[in-house]
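In my numbering, the protein residues as written are 1 to 429.
Here a beta-carbon is modelled for each residue, glycine too, at the ideal position from N, C-alpha and C.
Every value quoted in this text rests on a predicted model; they were computed, and no experiment measured them.
Here the structure comes first, spelled out in structure tokens, and everything after it is commentary.
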Ligand code: GDP
Ligand code: IMO
Ligand code: MG
């Protein structure tokens, strides 16, 4: 299996970082294909805790070449700080490769992200305010700056000047905010360029060559299926394509080169920011998910919203991404619950939905229909095989497989690498 797309099957924070890190021992390349430093991936290795935002979660393995693909947007200051932080922990970033076509997050993107959110008031999206939306907006409107622009000073200055004509007007006239000069930005960014020069490459041909050579390539998604700009809960989404289709576009390979697609889903669900969330809990069970699961954002520290596992969403993720495998994470958190609920359908205005309603208003006010299963109430963090799990936990996993229509080939029972059960997932040996 030379190529795998690994992505979030819910609203992000499913534990993708942990699973990517674990699987990376088998892979030659780990390539991020979308998003930027809105992502926050926690990877725990022994007594070390890495919080990665931009660098692919495979970086910790020396056998891996980490790649930041053309579909990503980069805040260069954050990237350099992250490289320094990771290297200070003893992990070399020398092998990191960054696409020359990746777009840059500029200072005005961050300002506009925050200003737009303030303007939306109570209708805000709840973005990470990292400038992600405005950077992708400029990419699509053909006003963006790419990594390669940094290496032609006159082009860089020309493009920044052109962008500032419009950006400064918006900043000052619409939002009453300070403006930028081209010189100010060039001074800052051209220093970053010198530092990052050794990492820049045309990554598309490189990944194609790797696949031709039967190297193993993992395409690492950030965010999640329901945060996808097309397939998520628009407008409460991120501005890129975390779904499987984003992987070829965001790295420069063809879709026929993908062998398997692994969806990572929590044994319950969390969401950060605004937007519909049918199984969201506002009671003691909701608080328990936050407390036991330590559900606070890696990037913004915000308390996550939490609720029961939603099998309707899981089925949707299987469909939109063509999932071949599911990985259920944080199963250990369910040990705290005497009975466990699974949402198997929604009700809205007398109608029952077993698939995600086509109209978002119905999704917004959908009432979940739950199935209840007995819990297991014992610690499972030491379990290393499916058979070691209590029968109630096995039954829960079997039911999730039945509802999703794909096998659960991996199960995580704790944040550490070894707290993982391989349940049929294809590995290299
Ligand atoms: P990502 O954005 O999908 O990589 O997920 P985050 O890193 O933002 O959030 C997942 C959190 O859950 C991290 O703190 C992980 O260390 C932790 N985690 C991952 N898998 C498990 C698991 O199976 N059990 C528990 N208890 N924690 C886990
Ligand atoms: P990882 O990779 C969870 C959410 C934000 C907001 C919406 C838009 O760690 O799973 P943006 O800043 O992207 O314009 O915000 O998307 N969001 C995430 N939620 N995990 C993430 O990444 C997220 N990245 C963005 O909270 O609701
Ligand atoms: Mg996260």
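Classify residue i: buried if its beta carbon has 16 or more other beta carbons within 10 angstroms, exposed otherwise.
i, result
"residue 176", "exposed"
"residue 234", "exposed"
"residue 28", "buried"
"residue 19", "buried"
"residue 76", "buried"
"residue 349", "exposed"
"residue 231", "buried"
"residue 127", "buried"
"residue 122", "exposed"
"residue 106", "buried"
"residue 140", "exposed"
"residue 183", "exposed"
"residue 82", "buried"
"residue 310", "buried"
"residue 284", "exposed"
"residue 282", "exposed"
"residue 269", "buried"
"residue 424", "exposed"
Is residue i helix, strand or coil by DSSP?
i, result
"residue 280", "strand"
"residue 289", "helix"
"residue 206", "helix"
"residue 419", "coil"
"residue 219", "strand"
"residue 146", "strand"
"residue 50", "strand"
"residue 410", "strand"
"residue 3", "strand"
"residue 89", "coil"
"residue 75", "coil"
"residue 35", "strand"
"residue 169", "helix"
"residue 45", "strand"
"residue 117", "helix"
"residue 200", "strand"
"residue 104", "strand"
For residue i, write down the residues that DSSP places opposite it in a beta bridge.
i, result
"residue 8", "264"
"residue 371", "342"
"residue 325", "262"
"residue 29", "65, 217"
"residue 307", "269, 280"
At the level of alpha carbons, what is the spacing between residue i and residue j?
i, j, result
"residue 209", "residue 137", "31 Å"
"residue 243", "residue 181", "37 Å"
"residue 10", "residue 165", "39 Å"
"residue 340", "residue 396", "9 Å"
"residue 37", "residue 53", "5 Å"
"residue 44", "residue 418", "10 Å"
"residue 12", "residue 429", "30 Å"
"residue 173", "residue 191", "30 Å"
"residue 314", "residue 226", "10 Å"
"residue 119", "residue 112", "10 Å"
"residue 380", "residue 131", "40 Å"
"residue 229", "residue 359", "16 Å"
"residue 421", "residue 409", "8 Å"
Tell me whether residue i, by its Cβ, gets closer than 8 Å to a heavy atom of the ligand GDP.
i, result
"residue 331", "yes"
"residue 415", "yes"
"residue 91", "no"
"residue 240", "no"
"residue 44", "yes"
"residue 222", "yes"
Compute every distance between the C-beta of residue i and the non-hydrogen atoms of the ligand MG, then say whether any falls below 8 Å.
i, result
"residue 41", "yes"
"residue 18", "no"
"residue 300", "no"
"residue 297", "yes"
Please determine whether the Cβ atom of residue i lies at a distance below 8 Å from any heavy atom of the ligand IMO.
i, result
"residue 13", "yes"
"residue 137", "no"
"residue 8", "yes"
With a cut-off of 9 Å, does the C-beta of residue i fall near any C-beta of chain C?
i, result
"residue 68", "Of the chains in the structure shown, none is chain C; there is only one protein chain."
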